Structure formats: C-alpha cells, structure tokens
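Protein chains in written order, with the working numbering: chain A, 1 to 223; chain B, 1 to 181.
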C-alpha cells in the first residue's frame with residue numbers, strides 16, 4: 001500500500017461525503033440512464049454527458065455508486081456460482097483442483113498461524129467468512145489487468161492476500177491492503193500458461209486486536 | 001400481485017431484494033441506509049405493480065427486472081432526499097443532529113472537514129479540462145482505469161494518462177486551496 005493509494009482512498013471518501021444537495025433535481029439524469037451508463041450500455045458521448053453531471057452533483061454520484069454496488073452484488077452472486085466450478089480442460093482432473101484448494105486452505109492456515117504469534121486474536125475459518133470474490137462472469141482475467149477484488153467487510157482495517165498456482169507456488173502475498181482489491185503484477189504471471197488458474201484467499205484484519213477473518217479459497221483463471 | 005412462495009419469480013424478487021438492500025446499505029449515508037429495507041420494499045412493490053398492469057402473467061427477464069428495480073429505488077431515494085432537503089431548509093438549513101449522530105464518522109469536525117473537502121474536490125473538478133474531469137470523476141467513483149477506458153470509449157493508455165494527469169491537477173488545486181484530503 002503506497003502513499004498514493006492512501007491519498008486516493010481519502011479523495012474517494014471525501015468525494016463520497018454525504019449531505020450535499022443535488023445541483024438541481026430536474027437536471028439529474030433519469031435513473032435508467034445512469035443504470036445503462038454504469039453497465040456500459042450507452043454510447044460514450046452519452047456516458048460523458050452523464051459523468052459530467054455526476055462530477056458536480058453529489059446526489060447523482062451517489063446514485064451512480066448504488067448502481068455500481070448493485071452490479072457488484074450481482075457479479076458476486078454469479079461468481080459464487082462459478083468460483084468452485086472448475087471448467088473442463090484437456091487432462092484436467094477435478095479431484096486435483098479440489099485437493100489443491102484443500103491444500104491451499106491447510107497451508108494458508110499454517111501460514112497465518114505462523115504470522116500471528118502466540119497472543120494473536122483467533123482466526124475465523126472459511127465457512128464463517130463473509131468475504132466474497134468480485135470478478136467478471138466466467139472468472140477469467142486478462143494478464144495485464146489481473147485485478148482480484150472482493151467485497152469489503154465493514155470494520156476491517158486492512159487485508160492480507162495469498163495467491164498461489166494450482167501447484168501451490170506463491171504468485172503474490174501482499175499484506176496490509178487497505179482497498180478490497182489487488183492487481184497481480186503481470187510479471188508474476190509471466191511464467192504461467194494461458195488458462196492457468198489462480199487460487200486466492202483474503203484475510204481481513206480488524207483494528208486493535210479485533211481478530212482476523214478469512215475468506216474461502218477462490219479460483220480465477222488468467223487469459 | 002400474487003407470486004407463489006417458492007416459485008422462480010419469488011426467488012428472483014427475494015434475491016433482488018437482498019442485493020438492493022446490501023447496495024444501499026453500503027453506499028448511502030446512514031440516515032438513508034437505515035431505511036434501506038423500506039425503500040427497497042416500496043421500489044419492488046412498484047415494479048410488481050407495473051408488471052401486473054402491463055404484462056399479466058408474463059415472466060420478465062432478469063436484466064429488465066434489475067433495471068426496473070434500480071430505477072424505482074432511485075426514484076424513492078430521490079424523494080427521500082427532497083423531503084429531507086425541504087425539512088432542513090425549514091429548520092434553517094442546520095444539520096440534523098440525529099443524522100449527525102448516526103453518521104459513520106463520529107467526530108463532527110471530521111464530518112465537516114469531509115464535506116468541505118468534498119466541495120473543494122468538486123470545485124477543482126469544475127476547473128479541469130473536460131477529459132481529465134471525466135476520467136478523474138469515474139476514478140473517484142471507484143472505477144479502474146480499464147473500466148474508464150471502456151465506458152468512455154478511450155484506449156487504456158489514454159484513460160491511464162488522463163487519470164494520472166487529472167489526479168495531479170486535482171492535488172495541485174486542492175493544495176492551492178489549502179485542503180489536504
């Protein structure tokens with residue numbers, strides 16, 4: 001997490017600060033236009049017109065974010081349907097993936113225990129997690145924009161992430177992320193074949209000894 | 001409006017309801033988010049009523065349903081905002097102490113500073129050249145650079161450049177106003 005990330009987070013929070021009245025309600029775009037714009041269903045010219053309004057109107061900015069959040073909720077639901085579904089591939093064996101996922105959980109658990117120390121707060125195991133993956137339908141990400149995202153937990157202070165291959169080689173293990181997403185560097189993916197699967201898990205860290213909460217292990221393919 | 005319990009339609013509406021409530025609870029200010037259940041319920045009832053009148057017995061598509069539900073919800077939220085703005089004007093525009101207490105930021109000074117910074121950001125955006133303003137606005141809304149490129153019809157490189165330069169402009173402008181986010 002860099003200073004720029006913190007800076008951007010602060011700017012976003014301030015931009016989203018509530019209690020600023022709409023510019024003039026009659027000038028606000030109709031909700032279905034905002035919906036279509038957020039979903040990329042409008043021509044760019046029309047999107048620009050709406051974004052121009054959103055730049056000045058806090059209420060419409062909020063409406064826009066609600067559409068984003070609603071879309072994200074939908075994606076999460078779709079992701080839950082595909083996250084543990086391993087697509088058929090040549091020579092692919094489902095039990096290998098299942099075993100790998102189980103190993104990731106086990107090794108990850110040991111890893112977390114090792115990093116916690118004897119007085120650390122208890123770890124809440126995967127089944128109790130509320131963290132859900134947010135990736136495009138189908139769960140395949142481009143290498144140059146391999147952004148792993150998840151739903152934030154309300155009181156979490158930061159997140160640790162562990163990304164491995166099916167062979168359990170660590171691809172990335174960033175810590176202290178303050179936003180619920182992480183872009184895996186393209187360089188870290190360079191040695192992986194097309195269609196390779198990443199297994200990843202998030203650990204939410206709560207402030208002041210408030211403990212940790214782990215997600216399930218998610219699976220996402222890279223192009 | 002009879003939707004049999006356990007039918008696909010009932011499942012659709014229940015799922016939709018959950019998604020909408022979570023979205024509102026995450027995004028809206030506390031005074032509005034605390035009413036998420038009621039707002040969503042009213043919005044979905046409107047959708048159901050429209051459907052009953054216009055397409056008796058028709059099974060509407062999931063994407064249409066989602067769009068209609070979002071539109072109805074935003075209509076309700078806008079009504080709430082208007083009522084609230086009128087109410088605050090009646091009270092001389094003062095801050096509602098109940099809402100203030102229920103805000104996610106417990107410190108009134110921090111809330112006030114946040115509002116001022118938000119206003120300063122909008123003032124600075126207004127001064128930017130249009131492409132940078134659009135790019136930075138979407139970035140502040142939470143969109144990634146590739147998403148911005150797709151929405152605005154720009155190449156990723158152009159979107160990246162506009163976000164980078166736009167954020168630099170924004171920081172300089174805020175600095176000039178003595179505002180540190």
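Ideal Cβ positions, reconstructed from N, Cα and C, are used throughout, including at glycine. As the structure is a computational prediction, the values presented were derived from the model and not from experiment.
Sequence-distant residues of its chain with Cβ nearer than 7 angstroms to residue 174 of chain A (five each side left out): Same-chain partners within the cutoff: 161, 182.
In whole angstroms, give me the CA-to-CA distance for residue 158 of chain A and residue 212 of chain A. Between residue 158 of chain A and residue 212 of chain A, the C-alpha separation is close to 10 angstroms.
Does the distance from the CB of residue 184 of chain A to the CB of residue 163 of chain A come in under 8 angstroms? Against a cut-off of 8 angstroms, the Cβ pair of residue 163 of chain A and residue 184 of chain A comes out as a contact.
Would a check of beta-carbon distances place residue 177 of chain B closer than 8 angstroms to chain A? Using beta-carbon distances, residue 177 of chain B does not count as an interface residue toward chain A, since no partner is under 8 angstroms.
Coil, strand or helix - residue 62 of chain B by DSSP: Residue 62 of chain B falls in the helix class under three-state DSSP.
Of all the residues that make up the segment 142 to 160 of chain A, which are near chain B by a beta-carbon distance shorter than 7 angstroms? With the criterion set as a beta carbon lying under 7 angstroms from some beta carbon of chain B, the members of the segment 142 to 160 of chain A are 145, 147, in sequence order.
Using DSSP's beta-bridge definition, name the partner residues of residue 182 of chain A. Checking the DSSP bridge columns, you'll see residue 182 of chain A partnered with A:148.
According to a CB-to-CB cut-off of less than 8 angstroms, which residues of the segment 50 to 73 of chain A neighbour chain B? For the segment 50 to 73 of chain A, the residues whose beta carbon sits under 8 angstroms from a beta carbon of chain B are, in order, 51, 52, 54, 55, 56, 58, 59, 61, 62, 63, 64, 65, 66, 67, 68, 69, 70, 72, 73.
Coarse secondary structure for residue 14 of chain B, derived from DSSP in three states: In the displayed model, residue 14 of chain B falls within a helix according to three-state DSSP.
is_contact[residue 165 of chain B, chain A] using C-beta, thresh 8 angstroms: By this cut-off, residue 165 of chain B is not an interface position.
List the residues of chain A that residue 82 of chain B touches, going by C-beta distances under 7 angstroms, in chain order. Near residue 82 of chain B (Cβ distances below 7 angstroms), the residues of chain A are 25.
Exposure label - residue 166 of chain A; buried when at least 16 CB within 10 Å: Result: buried.
Partner residues on chain A for residue 114 of chain B, Cβ-Cβ distance less than 8 angstroms: 13, 14, 17, listed in chain order.
When you compare the CB positions of residue 33 of chain A and residue 50 of chain A, do they come within less than 8 angstroms of one another, or not? With a cutoff of 8 angstroms on beta-carbon distance, residue 33 of chain A and residue 50 of chain A are scored as near each other.
Does any residue of chain A bring its CB to less than 8 angstroms from the CB of residue 102 of chain B? With a pLDDT of 44 at residue 102 of chain B, under the threshold of 50, the modelled position of this residue cannot be trusted; read the value that follows with caution. Chain A contact via Cβ: absent.
Have a look at residue 157 of chain B and residue 49 of chain B and give me their C-alpha separation to the nearest angstrom. Separation of residue 157 of chain B and residue 49 of chain B (C-alpha to C-alpha, rounded to the nearest whole angstrom) is 47 angstroms.
Are at least three pairs of beta-carbons, each pair with one atom in the segment 145 to 157 of chain B and one in the segment 65 to 79 of chain A, less than 8 angstroms apart? Taking a cut-off of 8 angstroms for Cβ pairs, the segment 145 to 157 of chain B and the segment 65 to 79 of chain A do not touch, as fewer than three such pairs fall below it.
Given a cut-off of 8 angstroms, decide if residue 44 of chain B and residue 69 of chain B are closer than it, judged by their beta-carbon atoms. Yes, Cβ-Cβ distance for residue 69 of chain B and residue 44 of chain B is below 8 angstroms.
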